[in-house]
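Asks: For what it's worth, the numbering used here labels the leading residue of the sequence shown as 2, then goes sequentially. This is the structure I want to talk about, given as structure tokens.
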Amino acid sequence: MTRKLKPAVKVSDELKKMLNDAIAIEIAASVQYMWQYVQVIGVKGRAVAGKFKETAIAEMKQAEELAERLWYLNGTPTTQPAPIKVGGSLKEFLEIDTKIEEEGIRLYKRIIDQAQKEGDVTTAFMIKEILEVEEEHHDLFTTMLEEI
Ligand SMILES: [Fe+2]
2 MTRKLKPAVK VSDELKKMLN DAIAIEIAAS VQYMWQYVQV IGVKGRAVAG
52 KFKETAIAEM KQAEELAERL WYLNGTPTTQ PAPIKVGGSL KEFLEIDTKI
102 EEEGIRLYKR IIDQAQKEGD VTTAFMIKEI LEVEEEHHDL FTTMLEEI
């Protein structure tokens, strides 16, 4: 592993820890949605299965993006996911998924504040873009919940 001796931006351990918490959530969400895609049941479930897979892949891409940023900031990305829940019905899937998205959204808002406080404009900007995608996911799951 080659590390930069001096990254252009220096951030606190607190911010690095928050980025790792975000990575843990994204890894968890990715596995959660992919396993829901695999286990989806019923006619309604079949109709929306692709959404779970598509979102699972989007979450893994976000985990990768966060890991790259954290690595650049001289942090080490975690391999440990946040707690993963799958659920036993389409309704449960969507309730659990809405919760993990809300958790992510709350954390991303805190990271933006912290990054701005530390003058790390790039992280703040990057997280704003991720936050936008997370809000879309949240909207997707809550809309699907309304339709059940
Ligand atoms: Fe998401």
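Beta carbons: idealized from backbone N, C-alpha and C, even for Gly. None of these values were measured; they are calculated from a predicted model.
Use the C-beta contact count for Gly105: other C-beta atoms within 10 angstroms, 16 or more gives buried, fewer gives exposed.
Replies: Position 104 of the sequence shown, counted from the first residue, corresponds to residue 105. Classification of Gly105: buried, given that the 10 Å Cβ count is 16 or more.
Asks: Can we count Glu102 as close to ligand 1, meaning its CB is less than 7 Å from some heavy atom?
Replies: Position 101 of the sequence shown, counted from the first residue, corresponds to residue 102. Checking every heavy atom of ligand 1 against the Cβ of Glu102, one is found closer than 7 Å.
Asks: How many angstroms separate the CA atom of Ala29 from the CA atom of Glu135?
Replies: In the sequence shown, counting from the first residue as 1, residue 29 sits at position 28. In the sequence shown, counting from the first residue as 1, residue 135 sits at position 134. Those two C-alpha atoms are separated by around 14 Å.
Asks: Please confirm if the stretch 6-18 is in contact with the stretch 34-54, defined as three or more CB-CB distances below 8 Å between the two stretches.
Replies: Contact fails: fewer than three Cβ-Cβ distances are below 8 Å.
Asks: Contact defined as beta carbons within less than 8 Å: I believe Leu20 pairs with Leu95. What is the distance between those atoms, to the nearest angstrom?
Replies: For this step, residue 20 is matched to residue 19 along the sequence shown. For this step, residue 95 is matched to residue 94 along the sequence shown. Actually they are not in contact, since the Cβ atoms of Leu20 and Leu95 sit about 27 Å apart, beyond 8 Å.
Asks: Closer than 8 Å by C-beta to Gln33: which residues in its own chain qualify, once you throw out the five before and the five after it? Chain order, please.
Replies: Within the sequence shown, residue 33 is the residue found at index 32, counting from 1. These residues qualify, in order along the chain: Ala57, Ile85, Lys86, Val87, Ile97, Asp98 and Ile101.
Asks: Tell me whether Gly51 counts as near ligand 1, meaning its Cβ is closer than 7 Å to at least one heavy atom of that ligand.
Replies: The residue you call residue 51 lines up with position 50 of the sequence shown. Every heavy atom of ligand 1 is 7 Å or more from the Cβ of Gly51, so no.
Asks: Please name the residue in Gln117, Ala83 and His139 whose C-alpha comes closest to that of Glu103.
Replies: Along the sequence shown, read from residue 1 onward, the residue named residue 103 stands at position 102. Cα-wise, what sits closest to Glu103 is His139.
Asks: Near Ile149, which residues of its chain fall below 8 Å by C-beta distance, leaving aside the five closest residues on each side in sequence?
Replies: For the purposes of this step, residue 149 is identified with residue 148 of the sequence shown, where counting begins at 1. Cβ within range, chain order: Lys45, Leu91, Lys92 and Leu95.
Asks: Return yes when the Cβ of Leu16 is within less than 8 Å of the Cβ of Ala116, no when it is not.
Replies: The residue you call residue 116 lines up with position 115 of the sequence shown. The residue you call residue 16 lines up with position 15 of the sequence shown. Going by C-beta atoms, Ala116 is nearer than 8 Å to Leu16.
Asks: Ligand 1 and Gly105: does the residue's C-beta get closer than 7 Å to at least one heavy atom of that ligand?
Replies: Within the sequence shown, residue 105 is the residue found at index 104, counting from 1. Yes, ligand 1 has a heavy atom inside 7 Å of this Cβ.
Asks: Helix, strand or coil for Glu104, going by three-state DSSP, please let me know.
Replies: Walking along the sequence shown from the start, residue 104 turns up at place 103. Note: Glu104 maps to helix in three-state DSSP.
Asks: Taking 7 Å as the cut-off, does the CB of Ala48 come closer than this to any heavy atom belonging to ligand 1?
Replies: The sequence position of residue 48 within the sequence shown is 47, counting from 1. Checking the Cβ of Ala48 against ligand 1 gives no.
Asks: First and last residue of the alpha helix (DSSP H) that includes Asn75?
Replies: For the purposes of this step, residue 75 is taken as the residue at position 74 of the sequence shown. No alpha helix (DSSP H) holds Asn75; DSSP gives it neither H nor E.
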